[in-house]
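Number of protein chains: 2
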Amino acid sequence: MPSRPVTLSHRASLTKDQPISWFMQQAVENPDLISLAAGLVDVESLPGDDIAKVAQAILSDPASAKAALQYGTTPGYAPLREKIVARLNELDHRSPGEAYLADDVVVTTGSQQLLYLLGELLLDPGDIVLVEAPSYFVFHGVLASLGVRALQIPMDDDGMIVDDLEDRLRQLERTGELPKVKMIYTVDYFQNPTGLTLSLPRRAQLVEVARRWSKHHRILILEDAAYRELRYEGGDLPSIMSFDESREQVLLAMTFSKPMAPGLKTGYGILPNGIAAALARFKGNHDFGSSNLNQHILDRLIANGAYDRHVANLQDVYRNKRDAMLHALKTEFPAVTGTTWTYPKGGLYVWWKAPEGMETGPNSPLMRECLKQGILYVPGEFAYVEDGPFPRNEARLSFGVEQPERIREGIERLAHAAREVGLPRIQMPRVAGCRG
Amino acid sequence: MPSRPVTLSHRASLTKDQPISWFMQQAVENPDLISLAAGLVDVESLPGDDIAKVAQAILSDPASAKAALQYGTTPGYAPLREKIVARLNELDHRSPGEAYLADDVVVTTGSQQLLYLLGELLLDPGDIVLVEAPSYFVFHGVLASLGVRALQIPMDDDGMIVDDLEDRLRQLERTGELPKVKMIYTVDYFQNPTGLTLSLPRRAQLVEVARRWSKHHRILILEDAAYRELRYEGGDLPSIMSFDESREQVLLAMTFSKPMAPGLKTGYGILPNGIAAALARFKGNHDFGSSNLNQHILDRLIANGAYDRHVANLQDVYRNKRDAMLHALKTEFPAVTGTTWTYPKGGLYVWWKAPEGMETGPNSPLMRECLKQGILYVPGEFAYVEDGPFPRNEARLSFGVEQPERIREGIERLAHAAREVGLPRIQMPRVAGCRG
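Residue numbers (this note's numbering), protein chains in the order written: chain A, 1 to 436; chain B, 1001 to 1436.
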C-alpha cells in the first residue's frame, strides 16, 4: 500500500524555521568564521569550577542528592524561588510591604520557555502584540506560530518611544482593533538586538499608558529583562514591574543563561497573582517542571556567593569585549563613511547601520563579501516584521562569543567587506597595538 | 481606575489542573501518609555518586566544561543521540541496514515535553486520539488542552485489544469520523496505570491495523515506552516501532527519568524522518534545546557503563518492591473478597479492582477511610475519559516510592479501610515475618 501523508496541525503550518538557523549552518560549514552573529555567551568565563563544587556538594550528601535527583515541582524549587525574589527585591529596592513573593515565580527551561508559555496562555490567533522596532526576532517566530500579529513601535536612544506607542494604540482604536491588543513586549535592558535601554521616565510612562489603554481588557507588559545583570557602566534601573503598583500589569521574564550558564537552561518569570498559577497549569502539561538538579545547583550558587562573584566577573569580561568592538568600529568606520552604531551600556549587542542603500540582508553583496572574508553578522531585517517599510541596511553585531582580538579582527573584516561593496575608502592612520 | 480582567487564550480555558495535583496536596498536608499514589521513583537508589563523578569529570576539564555549559543545539547533544540509537538498535536487534539514526532523535525536557510537542505538531482541535482504557491520565490533560478527543480501547492481559481498536475504527468510519483519527497512543511496556504489556503478536498487528486504516492520512502510533527498561521478569519485547518497516508509522517516546534520575529531566523521541525536523522547529520556539549540561552528564553515564549498571540495580530494587506489594495483596485480599489485581512484570504500578459496587473515587467512602488510615492511591476513574461508562471501583497502586516495609503496611491499611467500608472480613492466618 502506498504511504499516506502525515497531516500536521494548523499551528505547524505557522511554525517556521527560525532565521537564526541559517547562521548556525554557516558557522558549522565555516569553522574559521569570526561570528559576530551568534547570541552565545563568552565560553572562557563559564564557571565550571563553581558549578562542579556545588554539584559535588549536592550529590555527595545523600539527603540533598535525593532531593535534587527526584522529580521537582511544576513551578520550581521553592528555596530557589525564594532567592530569586530576595535578589529582585534588593535590585528593585522594594520595601517589605511591596516585596515580590516566591509564589509569583515560575521557573522555566530558559526564559524562552517562559515567553512561549505566556504566549500560549494569553494569546489567541488574530491577537496583536506591540513590540519594539527592531525587536528580538526569536519571539517573532513564537508569535507567528501562535497566529499572533506583531506591530512595531519605533525606538530612540531611550528605548521604545512610548508616545509613538500611544499613537499606535489610538490608531488601533480608530480601526476597531484595540480589543485585539493583548500585550506589549519589550527587552528593556540593553536590548537584543540594539543594545538600547528603556529610560527611567519611560518605564513609568509605559506602565501608565498600558493601564490607561486597558479599556477592553488588561493590556499586559511583557518585560524581558534577560540582560539586566550584564551592565558595564551607569547605574542599574528599576524594573518596569516596580512601577506597577497594582502588581497586575507586568510580566517579568529573566534568565540564568546569560549571567551564569546557558547549559543550565534555567529562566524564570515573576508574574501577577493568578497568572502564575494559570501558567503552572500549562507547564504541568508541557513538562511538569524544569530540571530539578539544575535548580538545586543554582540555589547553591546564589547561596554561597558564587553567582554574585560570577556576575561581577562577567561585567569585566564583557565590558572589555564591548570596548574592543566599539574601538574597532571607531577606527574602521570614520564618521565620513556614513555608518553609525549604538553605544550599549550592557548586554551583548551593538546595532550597526551601513550607509543608506548598502543592504545587509542574507543575499546582499555585503553579506556575500563578509562570508568570503570570514565574518558573520545578523542582518537587521530579521528583527523587523511586515508592518510597513523598514530599513534594510542594519546589522546586529554581538561581542559575546569572540575574544577581543578576534572581535577587532572581525570588525576589520567587516570594514574590508563594506569597502569592497562601496563604502568610501578613507586613509586613516592606524593606532598601533591599541587596546579597546 | 478599576483594574481590567486578563483575557486568557482559548487554550487556557481547556487547560485544567491535572487531577494528580489533588494527591500532591494530600501528601503535603499529611506527611505520615503512605503514598501508593505518587508516580515518583525510588529515592534510595538514585545514583548520586555516579552523577557526581561524571559531573566532576565534565566540569573540571576546561574543554568539556565549556561545551556543557554553553547553549546546546535544539534537537540535542549529538553524541548522546548517537548513544541513544546505538542502545535502541541493540535492544531491538536491528541489522545495520535497518538501524535507527541519530538524526531521527529529538531530546526533550522529559518525555512529557515530547508528548506535548507531538500533540501540538500533529493535532488540531476536534481531532481524535485512540488510547487504552484505562490510560495515562496526564496525557489526557494534554489532549484536552489541545481540544482533542480521546476515545478508549479496552485492554486485556495482553494490552490494548487490537481487534477492538479495529472495530472502533470501523465504527468511526461509519459515522464519518475516521478522517479525524490522527493517532493511537499506547504505553506498551508495563503500562501506566495497569502494569500490563502489549503482547508480541499485538505489536505487529497494531502496526498493520494503523497502516491499513490510514485511508485519509497517516494514522500514527505514539509508542510511550517510558517503562521498557524497568523489567523484572520475562524477556524484553521489541518495540512497536521495530515492526514498522516503512519507518513512518510510529513515534517512539522514551525517558531517562525512570531508568536513571527524574532530576535530570531528560527524555527523547525516535521519530519518522521529516517529523523529527518539524518537531525541532516547535522545540526551537519552546526553548531551543533542553539542558545541555544534563545531556552531557547522561552521555558520560552511558559511555562509562554506569547507566547499564544502574538499570540492572533498579530492576532488583523494584522487583523486590513489586513482590512486597503482590505478596501483601495476596495476604490481605483473599480471593473470596472479590478483589483482583494485575501482575506487572515491570514498571511501577499494580492495577487493583475492588469488589463491584465499592467505589474508589476521590469522594468515595473508601478514599475517606484510606485518608483516615494514612494511605493514598490514585482513583482508577482518573485514567478514563468521558467515552461511555467506565468502572468506578479501580485504583492505581504504585510501588515506586515507598520501601518494601511501608508498601506492606500500606496494603494492610488499604485492606483495613476496605473492610471498614464493606469488604468481607475473612479470618486468615497471617504468615509471620514473611518477605515479599
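Glycine included, each C-beta is placed from N, C-alpha and C at the ideal position.
Fair warning: this is a prediction, and the values are worked out from it, not measured in the lab.
Residue i CB to nearest chain B CB: under 8 Å?
i, result
"Ile51 (chain A)", "yes"
"Lys66 (chain A)", "yes"
"Asp287 (chain A)", "yes"
"His416 (chain A)", "no"
"Thr339 (chain A)", "no"
"Thr194 (chain A)", "no"
"Gly433 (chain A)", "Caution applies to Gly433 (chain A), whose pLDDT of 44 falls short of 50 and renders its modelled position unreliable; the value that the coordinates give is listed next. So no, Gly433 (chain A) is outside the interface."
"Val71 (chain A)", "Looking at the sequence provided, one finds Tyr at residue 71 (chain A) rather than Val. Judged by the 8 Å Cβ criterion, Tyr71 (chain A) is in contact with chain B."
"Pro5 (chain A)", "yes"
"Glu248 (chain A)", "yes"
"Ser291 (chain A)", "yes"
"Ala383 (chain A)", "no"
"Val207 (chain A)", "no"
"Ser9 (chain A)", "yes"
"Leu40 (chain A)", "yes"
Within 8 Å (strictly less), CB to CB, does residue i reach chain A?
i, result
"Phe1282 (chain B)", "yes"
"Gly1048 (chain B)", "yes"
"Ala1335 (chain B)", "no"
"Arg1408 (chain B)", "no"
"Asn1313 (chain B)", "no"
"Ala1525 (chain B)", "It is not possible to answer for residue 1525 (chain B), since the shown part of chain B is limited to 1001 through 1436."
"Ala1055 (chain B)", "yes"
"Gly1436 (chain B)", "Here the model assigns Gly1436 (chain B) a pLDDT of 35, short of 50, so the residue's position is not dependable, and the following value carries that caveat. Chain A, which has no Cβ nearer than 8 Å to the Cβ of Gly1436 (chain B), makes this no."
"Asn1089 (chain B)", "no"
"Val1421 (chain B)", "no"
"Arg1034 (chain B)", "According to the sequence shown, residue 1034 (chain B) is Ile rather than Arg. No, Ile1034 (chain B) does not count as interfacial toward chain A."
"Val1378 (chain B)", "no"
Closest to residue i by CA distance: which of the options is it?
i, options, result
"Gly267 (chain A)", "A:Met160, A:Leu117, A:His416, A:Asp61", "A:Leu117"
"Glu381 (chain A)", "A:Gln373, A:Ser364, A:Gln26", "A:Ser364"
"Glu1090 (chain B)", "B:Ser1239, B:Glu1248, B:Phe1190", "B:Ser1239"
"Leu206 (chain A)", "A:Leu130, A:Asp323, A:Gly284", "A:Leu130"
"Glu1044 (chain B)", "B:Ile1219, B:Val1336, B:Ala1261", "B:Ala1261"
"Leu326 (chain A)", "A:Glu420, A:Trp341, A:Leu314, A:Asn313", "A:Trp341"
"Ser246 (chain A)", "A:Glu233, A:Gly235, A:Leu80, A:Pro272", "A:Pro272"
"Asp164 (chain A)", "A:Arg425, A:Pro179, A:Ile184", "A:Ile184"
"Val142 (chain A)", "A:Gln113, A:Ala86, A:Met155", "A:Gln113"
"Lys16 (chain A)", "B:Ala1277, B:Leu1301, B:Cys1370, B:Pro1355", "B:Ala1277"
"Ser242 (chain A)", "A:Arg174, A:Val250, A:Tyr77", "A:Val250"
"Ile472 (chain A)", "A:Ser64, A:Thr186, A:Trp351", "Residue 472 (chain A) cannot be examined here, being either before or after the span of chain A that is shown, 1 to 436."
"Met24 (chain A)", "B:Gly1274, B:Gly1284, B:Phe1023, B:Leu1069", "B:Gly1284"
"Leu1059 (chain B)", "A:Pro47, A:Ile426, A:Asp188", "A:Pro47"
"Glu248 (chain A)", "A:Arg202, A:Glu223, A:Leu80", "A:Glu223"
"Gly347 (chain A)", "A:Thr108, A:Arg281, A:Leu40, A:Leu329", "A:Leu40"
"Ala67 (chain A)", "A:Asn292, A:Ile375, A:Arg392, A:Ser135", "A:Asn292"
"Tyr384 (chain A)", "A:Val138, A:Glu412, A:Pro125, A:Asp127", "A:Val138"
Between residue i and residue j, which are expected to be in contact by the criterion C-beta below 8 Å, what is the C-beta distance as a whole number of angstroms?
i, j, result
"Leu1123 (chain B)", "Leu1146 (chain B)", "5 Å"
"Val162 (chain A)", "Val209 (chain A)", "6 Å"
"Ala1038 (chain B)", "Ser1111 (chain B)", "The Cβ separation is near 17 Å, so there is no contact."
"Ala1306 (chain B)", "Asp1050 (chain B)", "4 Å"
"Leu1115 (chain B)", "Tyr1100 (chain B)", "In fact, because the Cβ distance is near 19 Å, the residues do not count as touching under 8 Å."
"Val85 (chain A)", "Ile297 (chain A)", "The pair is not a contact, with the Cβ atoms about 19 Å apart (cut-off 8 Å)."
Report the partner residues of residue i according to the DSSP bridge assignment.
i, result
"Ser1021 (chain B)", "Paired residues: none, contrary to the question."
"Tyr185 (chain A)", "A:Leu222"
"Ser35 (chain A)", "A:Leu376"
"Leu397 (chain A)", "A:Val350"
"Arg231 (chain A)", "A:Gly346"
"Arg1368 (chain B)", "None; Arg1368 (chain B) has no bridge partner."
"Gln1403 (chain B)", "Beta-bridge pairing links Gln1403 (chain B) to no other residue."
Does the beta carbon of residue i sit closer than 8 Å to a beta carbon anywhere in chain C?
i, result
"Ser1060 (chain B)", "In the structure shown, chain C does not exist; the protein chains are A and B."
**OP:** Compile a chain-ordered list of the residues in the region 1101-1127 of chain B whose CB is closer than 7 Å to at least one CB of chain A.
**Re:** Thr1109, Gly1110, Gln1112, Gln1113, Tyr1116, Glu1120, Leu1121, Leu1122, Leu1123, Asp1124
**OP:** Scan the region 11-29 of chain A for residues whose Cβ lies nearer than 9 Å to a Cβ of chain B and list them as they occur along the chain.
**Re:** Arg11, Ala12, Thr15, Lys16, Asp17, Gln18, Ile20, Ser21, Met24
**OP:** Check distances from the C-beta atoms of the region 1215-1227 of chain B to those of chain A and list, in chain order, the residues that come in under 9 Å.
**Re:** Lys1215, His1216, His1217, Arg1218, Ile1219, Leu1220
**OP:** Please list the residues of the region 1128-1157 of chain B that have a C-beta atom closer than 8 Å to any C-beta atom in chain A, keeping them in chain order.
**Re:** With the criterion set as a beta carbon lying under 8 Å from some beta carbon of chain A, the members of the region 1128-1157 of chain B are Val1138, Gly1141, Val1142, Ser1145, in sequence order.
Subject >> Within 7 Å of chain B by C-beta, residues of the region 180-204 of chain A in sequence order >> reply: Lys182
Subject >> Contact set between the region 292-303 of chain A and chain B, restricted to residues whose Cβ is under 8 Å from the partner >> reply: The residues in question are Asn292, Leu293, Asn294, His296.
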